[in-house]
Amino acid sequence: MNPASLRFTETHEWVSAEGNTATIGISDFAVHLLTDIVYMSLPKVGKVVRKGESIGEIESVKAVSDLYAPVDGEIIEVNSELADQQVLLSESPFEKGWIAKIRMTNPTQAEGLMNYDAYKAHCSSSGH
Amino acid sequence: MRNTTATRLLFEMSHPGRGTQIFPESDVPAAGSHIPPIPATMKADAPPALPEVAEPDIVRHFVNLSTLNMSVDSHFYPLGSCTMKYNPKRHERLARLHQAANSHPYQPESQIQGLLKVLFELQGMLAEISGLPAVSLHPAAGAQGELTALLTAAAWYRHKGEDRRRVLFPASAHGTNPASAALAGFECVQLSAGTGGFVDLDELKKEVDARTAVFMITNPNTLGLFEKDIRKISEILHDAGGLVYIDGANMNAILGKTRPGDFGGDMMHYNVHKTFTGPHGAGGPGAGPIAVRDFLADFLPSPIVTHDPSRDWYSLTTPKHSIGQVRTFFGNVGILLRGYFYIRTLGGKGLREASENAVMNANYLLSQLKDVLEVPHGDRCMHEFVASAKNLKTRTGVTAMDIAKRLLDYGYHAPTVYFPLVVEEAMMMEPTETESLETLDAFAQVIRNICQEPPELVRSAPHSTPVSRPDEVTAARKPVLCWSDCKS
Amino acid sequence: MAYLFDSPDQRRKMLDAIGVSDINELFRQIPAEVQLQRELRLAPPCSELALQQEMELTLGAPPGPVPACFLGGGVYDHFIPAVVDELTGRGEFYTAYTPYQPEASQGTLQAFYEFQSLICQLTGMEVSNASLYEGGTAVSEAVFMAMRVNDRHGKVVILGSVHPEYQQVVRTYLAELRTEVVVVPAKNGVVDPADVAAVVDSETCAVVMQQPNFFGCLEDIQSMTDLAHKAGALAVLSFDAISPGILRKPGDYGVDIAVAEGQPLGTPLQFGGPLLGVFTCRNEFVRKMPGRLIGRTKDKNGKDCFVLNLQAREQHIRRDKATSNICTNQGLIALRATVFLAVVGRLGLQQMAELCHEKARYAAEKLTQIPGVTLRFSQPFFREFVLSTPEPAADVLSKLAAAGINAGPSLARVFGGTVSTAANTFGISDQDQCFLVACTEKRTRQEIDTFAAELRRILQS
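What follows is the structure in structure tokens.
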């Protein structure tokens with residue numbers, strides 16, 4: 013998937029919206045920051061989430077980062093391959109490394125997120 | 114010279130039928146069936162498959178393992194925040210005296226008056242050293258001391274009818290502070306790093322209000338600096354009806370020089386294994402007694418040792434509004450006693466001298482290193498300081514971790530690295546008072562050498578240790594945590 | 362006498378290098394108004410010889426023979442083979458710290474990995490951490506872990522036959538949280554599984570059991586484990602560390618978390634501390650576990666080695682979201698247990714457990730031959746039991762102590778007395794006349810016979 017077609021949050025989640033379904037993941041930039049990811053705690057299917065809520069955890073050897081819901085909705089599917097193959101997050105952050113699908117209660121939320129250029133500017137301005 | 118046969122895993126050394134006769138045959142006749150027998154459904158089919166190893170092999174195994182360690186007895190160990198000072202041998206022998214080693218926690222008081230007397234005296238000593246009058250020896254470690262004090266504060270607030278749910282701490286705090294606060298059920302509020310490594314009073318004022326229960330602060334702080342505004346900090350908390358908790362991890366800097374109770378602290382814990390040199394035991398056991406102000410005394414955990422002078426009798430009692438126990442039995446008596454022996458050996462004068470020399474040694478080491486490594490928070494410290502390898506990293510790619518690893522090659526334990534989190538490429542060094550000028554000079558020279566060495570040599574260190582850098586990524590991805598895991 | 366190297370010339374040299382004229386100048390960082398202007402009021406410094414002589418008087422054995430220890434209630438007077446003290450007394454072990462630098466700590470790391478491996482064999486559980494403080498906090502940590510696993514925070518169900526001090530510790534830890542602690546009474550020395558079923562619901566995070574229980578009796582762990590699972594709660598079992606020598610292991614029951622007080626594995630009583638919290642669970646929960654974990658891996662040259670593993674769960678990284686506030690393990694005590702289990706071995710552990718059991722049965726038989734003295738509960742027991750006498754237990758125990766026999770504690774002491782304020786959920790009317798009697802492999806036939814003779818004498822006088 014071309015990142016230029018995605019939307020991004022300040023906390024490094026990406027969103028690909030199709031109708032009222034959002035596929036989410038974390039950006040290549042975030043994966044690089046975390047270095048070697050060793051474990052991924054996936055969201056629970058069926059869980060109703062609100063934007064900004066922590067829905068999972070991404071663990072490296074010396075750090076753990078929360079995965080935040082970029083939109084309101086219900087988790088309808090998770091990428092269970094990630095449980096054993098965290099390497100997908102770094103090898104293919106925008107395709108095979110997708111994390112979950114959310115049935116959005118308010119699809120306009122996704123449109124309000126940053127585009128790739130704005131996200132890249134955000135990353136470089138936040139000193140990383 | 115290494116004996117790698119002896120350091121195979123015990124399970125790999127096991128051979129059926131080997132072992133050592135430890136226990137005699139039973140000397141009692143079998144009881145009759147009117148004493149209810151254990152039903153077959155509750156009996157094991159076979160005993161657990163523990164290894165069968167002969168005693169001589171066991172001795173060689175552990176003796177060889179011990180040689181793979183660095184320790185205070187064998188190496189300089191400037192691990193910041195951990196106070197790795199000399200562990201006097203006399204304490205080990207004294208701790209084996211009968212009442213110390215063999216008393217059962219439910220033993221009659223009449224048989225342990227000597228032990229209770231010593232523990233009572235220790236309560237008094239810790240009150241005097243902290244300037245806080247009420248002491249509980251109960252908590253098992255510093256982190257549990259934190260939790261205990263927070264629960265004590267919560268009980269006090271509830272008794273007063275106040276609902277305060279917020280615990281504040283600076284960004285430089287030990288991880289245990291927020292972890293203890295969260296475990297106790299409080300909401301955690303982290304303040305920013307502040308300027309110059311000190312708490313930002315304006316920010317503190319903004320955050321402290323009627324919801325604030327406790328401000329947790331390490332003093333001297335984790336940068337090795339004494340919080341110059343500690344009295345103002347305390348006033349801000351006290352004016353808002355809050356309490357000040359002093360994390361006593363760094364007490365080795367201030368014994369007999371100043372006291373938490375005198376600079377505004379309301380509660381604190383000691384790390385007996387640090388300040389009062391109970392050995393660290395390769396990671397415990399410790400002991401985390403707490404000292405608190407008089408108004409909190411009734412809420413302390415049970416039991417407390419009390420003394421009835423009219424009968425000269427020591428007993429265990431429960432404070433009036435006690436929060437209860439946070440662990441089984443009295444406390445980590447074996448470690449507490451080592452602290453008592455230490456305080457008795459040094460007296461007030463000796464404790465002060467220990468802190469003075471700890472501070473002098475740290476400042477001396479700082480003076481010898483500040484030209485080689487950056488020390489972002491000035492050229493004065495208390496008993497420890499935080500240097501940074503940031504510039505070196507930019508210049509050569511050598512990180513704090515690389516220097517730490519390379520030090521091992523030269524026979525020095527590494528300093529604490531990457532803590533506190535507020536300093537990039539942090540290397541926290543605490544030489545303690547029980548090191549000589551010669552040791553400090555040699556260590557400083559080695560650091561200077563390392564900074565001059567070819568970067569690739571340092572980055573690939575250590576080169577002379579029993580193993581080189583472990584693959585922690587694979588370890589964490591596919592954890593192998595017991596012997597049977599690797600069989601399969 | 363602070364173990365210093367201080368000499369006037371070197372001090373001068375150091376102060377000159379620092380750039381101060383005297384040490385007090387270094388303490389100017391401390392505002393003058395909070396500096397202590399006097400010496401601490403403590404006893405004067407004491408030489409090694411003087412302290413040794415004084416402490417021998419204060420902490421030595423009281424005059425006369427050492428009483429025989431039939432005391433129970435969670436820690437026991439077990440035999441400690443000489444190799445345990447010899448090997449753990451090596452400074453390379455006990456003066457090291459937490460193995461943060463694996464390259465310089467392989468001795469400690471391998472020993473703890475072996476501890477974890479031995480504990481897995483002992484319990485039949487899949488994963489063990491490198492230890493927690495002691496048995497009571499291990500139970501508390503198990504409750505918190507259960508909450509993380511099943512995200513239930515409403516209720517924890519604890520059997521009334523669990524050690525009353527463990528119950529108390531759980532209550533203290535939960536004091537500021539909204540989790541309700543429901544205690545199921547033990548009516549006949551054991552808990553009726555139907556009573557547990559009645560209170561376990563969809564809000565229950567865990568059912569906490571103990572085997573053998575505080576009264577020494579054997580519970581129906583299997584039924585209660587099954588009904589906990591049926592309700593989606595975790596089954597948490599506190600077990601006697603010696604008992605797997607002859608009893609079913611925690612893993613055999615399919616419990617989710619098994620904990621124990623590890624003191625019987627080679628650590629002296631020390632008035633109840635330091636002790637050893639054994640903590641094990643199912644593999645699937647490993648990342649929710651509290652405490653240190655040692656893992657086996659390869660170094661960069663492909664050599665086998667050991668590291669602190671899964672540290673991202675811990676307080677120094679996760680801070681307020683850590684799985685526990687615990688910093689270290691009980692390193693030296695875990696090492697004692699490692700050496701102990703190695704030297705005792707498979708058959709030694711079985712023999713030790715059998716000796717405890719046979720001696721306890723013999724003691725029960727001898728003691729209940731005394732008129733008016735009965736086993737309070739008619740349940741099978743492992744190594745300790747509750748004795749009921751016609752006289753108040755407190756009086757009987759102090760008279761026994763004077764006669765060189767330490768038994769107890771009395772049930773009144775632990776359920777209603779000063780040691781624990783845990784709710785008295787055990788609720789038998791004659792608890793004032795009941796006390797525990799425990800046997801270890803160390804108790805001899807002669808000591809048991811003396812115990813019986815003295816008890817007979819006391820009750821007849």
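Chains as they are written, first to last, in my numbering: chain A, 13 to 140; chain B, 114 to 601; chain C, 362 to 822.
Glycine is no exception: its CB is placed at the ideal position from the N, C-alpha and C atoms.
query: E409(C) - partner residues in DSSP beta bridges; result: E409(C) pairs with nothing; no bridge assigned.
query: Within 9 Å, strictly: CB atoms of L368(B) and S468(B); result: yes
query: Whole-angstrom distance between A410(B) and M541(B), CA atom to CA atom; result: 35 Å
query: Limits of the unbroken alpha helix (DSSP H) element including M155(B); result: Element bounds for M155(B): n/a, residue is neither H nor E.
query: Given L608(C) as reference, the closest of C595(B), A157(B), H576(B) and S216(B) once Cα atoms are compared; result: A157(B)
query: Chain D within 9 Å of Y51(A), Cβ atoms only; result: In the structure shown, chain D cannot be found, because the protein chains are A, B and C.
query: DSSP three-state assignment for P583(B), whether helix, strand or coil; result: strand
query: Distance, G433(C) Cα to L228(B) Cα; result: 20 Å
query: Rounded separation between F328(B) and F376(B) - CA only; result: 14 Å
query: Own chain partners of L535(C) with C-beta closer than 7 Å, once the 5 adjacent residues on each side are dropped; result: V542
query: Inter-residue spacing [alpha-carbon to alpha-carbon] between V780(C) and S127(B); result: In this prediction, V780(C) has a pLDDT of 37, which is less than 50 and means its spatial position is unreliable; nothing more can be read from the coordinates.
query: Interface flag, A673(C) vs chain B, CB-CB below 9 Å; result: yes
query: Given V499(B) as reference, the closest of P398(B), P291(B), L178(B) and E537(B) once Cα atoms are compared; result: E537(B)
query: CB contact check: E103(A) to chain B, cutoff 9 Å; result: no
query: Straight-line gap, V485(B) to G288(B) (C-alpha atoms, nearest Å); result: 29 Å
query: Under the three-state DSSP convention, the category V551(C) falls into; result: coil
query: Proximal residues of chain B, C-beta to C-beta of V73(A) below 7 Å; result: E585, V586 and A589
query: Closer than 9 Å to chain B by CB, Q98(A); result: yes
query: Alpha-carbon spacing of E30(A) relative to I49(A), whole angstroms; result: 28 Å
query: Sufficient close CB pairs (3 or more, under 8 Å) joining the segment 356-371 of chain B to the segment 319-335 of chain B; result: yes
query: Short CB-CB distance (under 9 Å) between D48(A) and chain B; result: yes
query: Residues near V27(A) in its chain [Cβ-Cβ closer than 7 Å; skip 5 each side]; result: L18, R19, A34, I36, P82, V83, A122 and L125
query: Contacts that Q396(C) makes with chain B (C-beta to C-beta distance below 8 Å); result: K370 and T371
query: CB of G765(C) within 9 Å of CB of A429(C), strictly; result: yes
query: Listed by chain order, chain B residues near L654(C) by CB distance under 9 Å; result: P592 and L594
query: Within-9 Å CB hit, T779(C) to chain B; result: Residue confidence is low: T779(C) scores 37 on pLDDT, short of 50, so the model does not pin down where it sits. Its coordinate-derived value is still stated next. Closer than 9 Å: yes.
query: Beta-carbon proximity of K345(B) to I391(C), cut-off 9 Å; result: no
query: Check whether R657(C) and L594(B) have beta carbons under 9 Å apart; result: yes
query: Range covered by the beta strand (DSSP E) that runs through K659(C); result: L654 to K659
query: Residue from S597(B), G396(B) and S581(B) whose Cα sits closest to the Cα of E464(C); result: S581(B)
query: Contact set for F299(B): own chain, Cβ-Cβ below 7 Å, skip 5 residues either direction; result: L263, R278, R279, V280 and A326
query: Which of helix, strand or coil DSSP assigns to D276(B); result: coil
query: Spatial neighbours of K132(A) in its chain, beta-carbon cut-off 7 Å, leaving aside the 5 residues before and after; result: none
query: Classification of T782(C) by the beta-carbon crowding that lies within 10 angstroms, buried from 16 upward; result: Residue confidence for T782(C) is low, a pLDDT of 39 falling below 50, so the modelled location carries little weight and cannot support an answer.
query: C-beta atoms of G255(B) and C688(C) nearer than 9 Å; result: yes
query: Residue burial classification, F412(B) (beta-carbon count within 10 angstroms, cutoff 16); result: buried
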